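Trainee:
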Amino acid sequence: MPNVFFHSGAPKTGTSYLQVLFARHSGDMASQGVIYPENDFVAGAKEGKITSGNGVELANYIRPELPHKIADKSVFLEKFDRLLKNSDGEDFLFSSEFIVFQDNPRTGSLIDCIERNGYDAKSIYLVRDLSKAAFSAYSQQVKRAGEAKTFGEFLKSWDPYYLHHINLMNQAFGFDNVFLYNYEEHKHRLAALLFNDFMKININANTREVINRSLDQKELELLRVFNSFSGKNNVFASTLISDALMNTPSSSTESFLISPEEFSILNERFTRSIEKINQQLRGRGIVIAQEVGTVERNFSLTEFERFTMVALAQISRAIAR
3 MPNVFFHSGA
13 PKTGTSYLQV
23 LFARHSGDMA
33 SQGVIYPEND
43 FVAGAKEGKI
53 TSGNGVELAN
63 YIRPELPHKI
73 ADKSVFLEKF
83 DRLLKNSDGE
93 DFLFSSEFIV
103 FQDNPRTGSL
113 IDCIERNGYD
123 AKSIYLVRDL
133 SKAAFSAYSQ
143 QVKRAGEAKT
153 FGEFLKSWDP
163 YYLHHINLMN
173 QAFGFDNVFL
183 YNYEEHKHRL
193 AALLFNDFMK
203 ININANTREV
213 INRSLDQKEL
223 ELLRVFNSFS
233 GKNNVFASTL
243 ISDALMNTPS
253 SSTESFLISP
263 EEFSILNERF
273 TRSIEKINQQ
283 LRGRGIVIAQ
293 EVGTVERNFS
303 LTEFERFTMV
313 ALAQISRAIA
323 R
């Protein structure tokens, strides 16, 4: 039976990197029977640009409240049905972090369409050790959403919703058709995991490019302080400065270690969820953290650095007007 493959993250598990590979190797995939349908939402991926993946239209069909500008989000199902009906038994891959299989009639209609056309649905989802997932999410919020909280403050309300999304996929496709992996175990072989292990095709797809690089901890503190001066919800400003930082190579080699206090916050909130996730995970289970720091992180800014961030905040506010 042919398959419709779904890849929906989770966020900060190499999704942008993988979507570049899917776009670049779509011809190789097609030659081995897996179609990666292209649309406007994958424009630039072949050149290494960050995109939202080819599954954005599908995600917006299920969740029309998403902000993407699509004239009529309800027509996707008709296009999807025609795609499967006119195929010669090829598999299809849809990838986007926006894909969430909510328990609603549209998810039901999507599943009915897949089954009616003689297809099976398989979904892959990568999760992370909680401390690394949280820090990556925090970094993204500082870079792209103007976050000015410290990491410890951020942790008190952060939730990756791993278990929620896994339960929705189990309900939609069945336990055996949900392929759950630990990103930390496979981060150096993501291409092999997706192409060889999951889709069962023989493609040697890798790139040495850094897609959506992370800020180092000093850069992150610079940007956090900048955000605190640039005003609440100043997304334009934080994006402007983070893009400048990300286009500059980082020479830092330090690794992030969670503090004992931060570990306690996550441990209290997520221990039971981790136990349930690991019951289904294929391979090494996730943990709160592999290692806890014993030395206090200190990335305080010099007076000159702080002054520079204040000046940049004022300039960016003027540009945004």
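Numbering (our numbering) for the sequence shown: 3 to 323.
Backbone N, C-alpha and C define an ideal beta-carbon position, used for all residues, glycine too.
Just so we're clear, the structure is a prediction, and the values are computed from it rather than from any experiment.
Quick check: the Cα distance between histidine 27 and leucine 157, rounded to an integer number of angstroms?
Mentor: Computed Cα separation, rounded: 38 Å.
Trainee: Let me make sure I understand the geometry here. Which of Arg274, Leu314, Glu270 has the alpha-carbon closest to that of phenylalanine 231?
Mentor: The shortest Cα separation from phenylalanine 231 among Arg274, Leu314, Glu270 belongs to Leu314.
Trainee: Please classify serine 133: is it buried, with 16 or more other beta-carbons within 10 angstroms of its beta-carbon, or exposed?
Mentor: Buried, by the Cβ-count rule.
Trainee: Checking the sheet assignment: what are the DSSP bridge partners for aspartate 93?
Mentor: BP columns for aspartate 93 point to Val36.
Trainee: Compute the distance between the beta-carbons of isoleucine 52 and asparagine 62, then report whether it is under 7 Å.
Mentor: Taking 7 Å as the Cβ cut-off, isoleucine 52 and asparagine 62 do not qualify as a contacting pair.
Trainee: Looking only at its chain, what residues have a beta carbon closer than 7 Å to the beta carbon of arginine 65, apart from the 5 residues adjacent to it on each side?
Mentor: Only Val102, Gln104 meet the Cβ criterion.
Trainee: For valine 22, which residues does DSSP report across the bridge?
Mentor: Paired residues: none, contrary to the question.
Trainee: Which residues mark the beginning and the end of the alpha helix (DSSP H) in which serine 232 is found?
Mentor: That run of the alpha helix (DSSP H) goes 219-232.
Trainee: Have a look at lysine 172 and serine 125 and give me their C-alpha separation to the nearest angstrom.
Mentor: First, the amino acid is wrong: residue 172 is asparagine here, not lysine. Going from the Cα of asparagine 172 to the Cα of serine 125 covers about 9 Å.
Trainee: Output needed for glutamine 34: all residues of its chain with C-beta closer than 6 Å, excluding positions within five of it in sequence on either side, in chain order.
Mentor: Excluding sequence neighbours, glutamine 34 sits near Ile203.
Trainee: Apart from the five residues on each side of it in sequence, which residues of its chain come closer than 6 Å, Cβ to Cβ, to proline 4?
Mentor: Around proline 4: Gly91, Asp93, Tyr121.
Trainee: Rounded to a whole number of angstroms, what is the C-alpha to C-alpha distance between glutamine 316 and alanine 193?
Mentor: If I take the Cα positions, the gap works out to 43 Å.
Trainee: For proline 144, count neighbouring Cβ atoms within 10 angstroms of its own Cβ and tell me buried if that reaches 16, exposed if not.
Mentor: One detail in the question is off: residue 144 reads as valine in this sequence, not proline. Buried: at least 16 other Cβ atoms inside 10 Å.
Trainee: Would you mind stating whether threonine 17 and glutamate 117 have Cβ atoms separated by less than 7 Å?
Mentor: No, Cβ-Cβ distance for threonine 17 and glutamate 117 is not below 7 Å.
Trainee: Starting from alanine 123, trace the beta strand (DSSP E) both ways and give me its first and last residue.
Mentor: It spans 122-129 - the beta strand (DSSP E) in which alanine 123 sits, taken as one unbroken run.
Trainee: May I have the straight-line CA-CA distance separating histidine 9 from phenylalanine 96, to the nearest angstrom?
Mentor: So the alpha carbons of these two residues sit roughly 6 Å apart.
Trainee: Using DSSP's beta-bridge definition, name the partner residues of valine 6.
Mentor: DSSP output for valine 6 lists Phe94, Ala123 as bridge partner(s).
Trainee: Go to leucine 182, then tell me how far its beta strand (DSSP E) extends in each direction, as first and last residue.
Mentor: Run containing leucine 182: 180-184, per the beta strand (DSSP E) assignment.
Trainee: With a cut-off of 7 Å, does the C-beta of glycine 110 fall near any C-beta of chain B?
Mentor: Among the chains in the structure shown there is no chain B, since it carries only a single protein chain.
Trainee: In three-state terms, what does DSSP make of isoleucine 260?
Mentor: Reduced to three states, the DSSP call for isoleucine 260 is strand.
Trainee: Could you check what DSSP says for valine 289 in three-state terms: helix, strand or coil?
Mentor: Valine 289: coil per DSSP, three-state reduction.
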